[in-house]
Amino acid sequence: MKDSFAAKVAAQGEDEHIRAILAEVARITHMGFVAVARVTEDRWIACQVSDEMEFGLKPGDELAIETTICREIRDCGQAIVIDHVDADPKWRSHPVPALYGFQSYASF
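Structure below.
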């Protein structure tokens, strides 16, 4: 963990109800990675994760904010849902799906 703020975020996610919700979202959507993250202007910190695809992030781990779509969500204030990146003209050439190799995405 990077620092005490990341540790605090991870501690906030240490909740059986959050884990159960993430597991259910993963089951319903068939997504291999589901997370609740604390997103600030300059940080993306995993609060809790369901990681069936072994992406490797654990609570308290961070992604560089500029490598996330969450940064764009903070800027526009709207949910982003991508059913299939390769079939979506707006997202197929976006650098974030290419970086992480995902084909579907939802964030609120």
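For the sequence shown, this note's numbering assigns the number 1495 to the initial residue and increments by one for each residue that follows.
Built from N, CA and C at the ideal position, the CB exists for glycine as well.
**OP:** Measure from the alpha carbon of Arg1513 to the alpha carbon of each residue in Val1590, Asp1536, Asp1545, then state which is nearest.
**Re:** Per the Cα distances, Asp1545.
Original post:
Candidates Asp1569, Ile1567, Glu1566, Pro1591: which alpha carbon is nearest His1578's?
Top reply: Cα-wise, what sits closest to His1578 is Pro1591.
Original post:
Who are the near neighbours of Asp1536 in its chain, counting only those whose CB is closer than 6 Å to its CB and skipping five residues on each side?
Top reply: Taking Asp1536 as the centre and dropping the five residues before and after it, the same chain places the C-beta of Ile1559 closer than 6 Å to its C-beta, in chain order.
**OP:** Please list, in chain order, all residues of the same chain as Tyr1599 whose beta carbon is under 6 Å from its beta carbon, the five residues on each side excluded.
**Re:** The residues are Ile1576.
Subject >> Boundaries of the alpha helix (DSSP H) in which Ala1520 is found, first to last residue >> reply: Where Ala1520 is concerned, the enclosing alpha helix (DSSP H) stretches over 1510-1523.
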